[in-house]
Every structure is written in C-alpha cells, then in structure tokens.
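Using my numbering, the first residue of the sequence shown is number 517, and each one after it goes up by one.
Heads up, the thing below is written out as structure tokens.
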Amino acid sequence: MKKSLLLMMGAALMVSCGNSGEKMKRLAKENLELSVDYPKQLRVLAISEPDSAFGTGYFTKDEVKGMLRTMQVVTDTIMKRTDNMNRFNPADHYVVSLAERQMRSMAEIRSLIMKGDRKGEFSGWKVKIDYACVDAAGLPYRSERWCFIDKEGKQVYKAFELPIP
C-alpha cells in the first residue's frame with residue numbers, strides 16, 4: 517500500500533514538474549513573439565529545458581564560453597564580409613544589422629558578467645531559445661534569446677539576445 521502511494525505521489529510530482537517546464541517554455545516563446553517585428557514569420561529552432569537561475573548575471577563557464585564563441589563567429593563573419601573593414605558598405609543592411617545586434621549583445625554580456633560572476637541565491641529559471649525570423653527591413657536573421665523567468669514560472673523578468681550569423 518505504501519509503495520503504491522509513494523509511486524503515485526512520485527508520478528504526480530513528475531507530471532506537475534513536466535507541466536511547469538512546458539509552461540515556462542511556452543512563456544518564453546510568447547515573450548519572444550512579442551519582441552520580433554514579424555511574429556508570423558518566427559521559426560523556433562530549439563528551446564532548452566528550464567534551468568535553475570541564480571541571478572540574471574550568473575552563467576556556467578560553458579554558457580559563457582558558448583556566448584563568447586558565438587560573438588567571435590559574428591565578428592569573423594563581419595570581418596570576412598567587409599574584408600577586415602576595408603570594404604565596409606554602410607548600405608549593406610546585413611552587416612550593419614548584425615553589427616548593431618552584436619554591439620547590444622556584447623554590452624549586455626559585459627554587464628551581466630561584471631555584475632554576476634558569483635552564484636547568488638536561486639532567483640528563478642532561464643530558458644534559451646534559438647530562432648529565425650525577419651527584421652523590420654525584411655532581412656532574415658537568426659538569434660539565440662535567453663529568458664529569465666521568476667521563481668513561480670509565471671513571468672519573464674529579463675531577456676537578451678545573441679545574434680547568430
């Protein structure tokens with residue numbers, strides 16, 4: 517009797533945790549839809565499982581390395597496309613848009629890392645979404661968006677993006 521009761525409680529706990537994870541992923545996706553210029557053209561490529569967050573500036577070393585690698589790929593893409601800025605064309609919307617998105621991302625990364633290299637108290641959850649969409653000028657782009665969700669899993673309180681060339 518006790519075993520079956522424990523088994524049922526364990527199953528209920530797993531189902532409730534699974535549902536809250538799906539709710540947080542859906543919340544992050546809804547937040548993303550509100551942030552893009554053309555939500556109907558949004559294509560979600562991947563959504564991570566919610567992971568514990570300990571402040572908006574705390575990332576694992578692997579997450580920070582991944583962000584910095586992504587920014588290096590963006591820089592390399594810009595440099596290759598402009599021949600190390602020797603052939604920079606301000607009318608090249610792709611390069612200008614990518615550079616603007618990279619600058620916003622780097623400022624955010626610096627701010628997050630400088631404020632939060634120490635693991636703080638549990639503050640909620642973080643979800644990463646990789647997606648493709650179209651910007652205001654009609655140019656397709658890809659990005660990775662990090663959403664920070666409160667402890668209850670009900671509200672996105674911080675989000676930032678990294679461009680993916």
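Note that the Cβ used here is the ideal one computed from N, Cα and C, for glycine as well.
Cβ neighbours of residue i in the same chain (closer than 6 Å, five flanking residues each side left out)
i, result
"MET530", "Note that MET530 has pLDDT 46, beneath the 50 cutoff, so the model's placement of it is unreliable and the number below is only indicative. Taken in chain order, the list of residues that qualify is empty."
"GLU624", "PHE676"
"VAL552", "LEU558, CYS649"
"LYS556", "none"
"LYS667", "GLY640"
"THR572", "PHE664, LYS674"
"PRO566", "GLY537, MET540, TRP641, VAL643"
Beta-carbon contacts of residue i that lie in its chain and below 7 Å, excluding the five residues immediately before and after
i, result
"MET525", "The predicted position of MET525 is uncertain, since its pLDDT is 49 and thus under 50; a value taken from the coordinates is nonetheless stated next. Contacts found: none."
"TRP662", "LYS642, LYS644, ALA675, PHE676"
"CYS533", "Reliability fails at CYS533, whose pLDDT of 49 lies under 50, so the model's placement of it is uncertain and the value that follows must be treated cautiously. None."
"VAL590", "LEU614, GLN618, PRO679, PRO681"
"PHE570", "LYS635, GLY636, GLU637, PHE638, SER639"
From the options, residue whose alpha carbon lies closest to that of residue i
i, options, result
"GLN669", "SER639, THR586, VAL552", "The question names Gln, yet the displayed sequence has Gly at residue 669. For GLY669, the nearest C-alpha among the options comes from SER639."
"TYR657", "LEU550, TYR554, ALA544", "TYR554"
"LEU543", "SER564, SER621, MET595", "SER564"
"GLY636", "TYR574, ASP567, GLU538, VAL560", "TYR574"
"ALA562", "SER627, ALA623, SER659", "SER659"
"MET587", "THR572, ASN600, SER536, SER621", "SER621"
"SER568", "ASN602, LYS581, GLY537, ASP592", "GLY537"
"GLU616", "ASP651, ASN535, ASN600, ASP599", "ASP651"
Neighbourhood of residue i by C-beta distance below 8 Å, restricted to the same chain and skipping five residues each side
i, result
"VAL612", "PRO606"
"ARG597", "ASP608, TYR610, VAL611"
"SER627", "GLY573"
"GLN671", "LEU543, ILE665"
"LYS581", "none"
Assumed close pair residue i, residue j - CB separation to whole angstroms, cut-off 8 Å
i, j, result
"LEU614", "ILE629", "22 Å between Cβ atoms; not a contact."
"LYS584", "TYR647", "According to the sequence shown, residue 584 is Leu rather than Lys. Not a contact, Cβ separation roughly 21 Å."
"LYS545", "VAL560", "6 Å"
Checklist entry - Residue ranges of each beta strand (DSSP E) run of no fewer than 3 residues wholly in the segment 594 to 668, ordered along the chain? => result 640 to 650, 656 to 665
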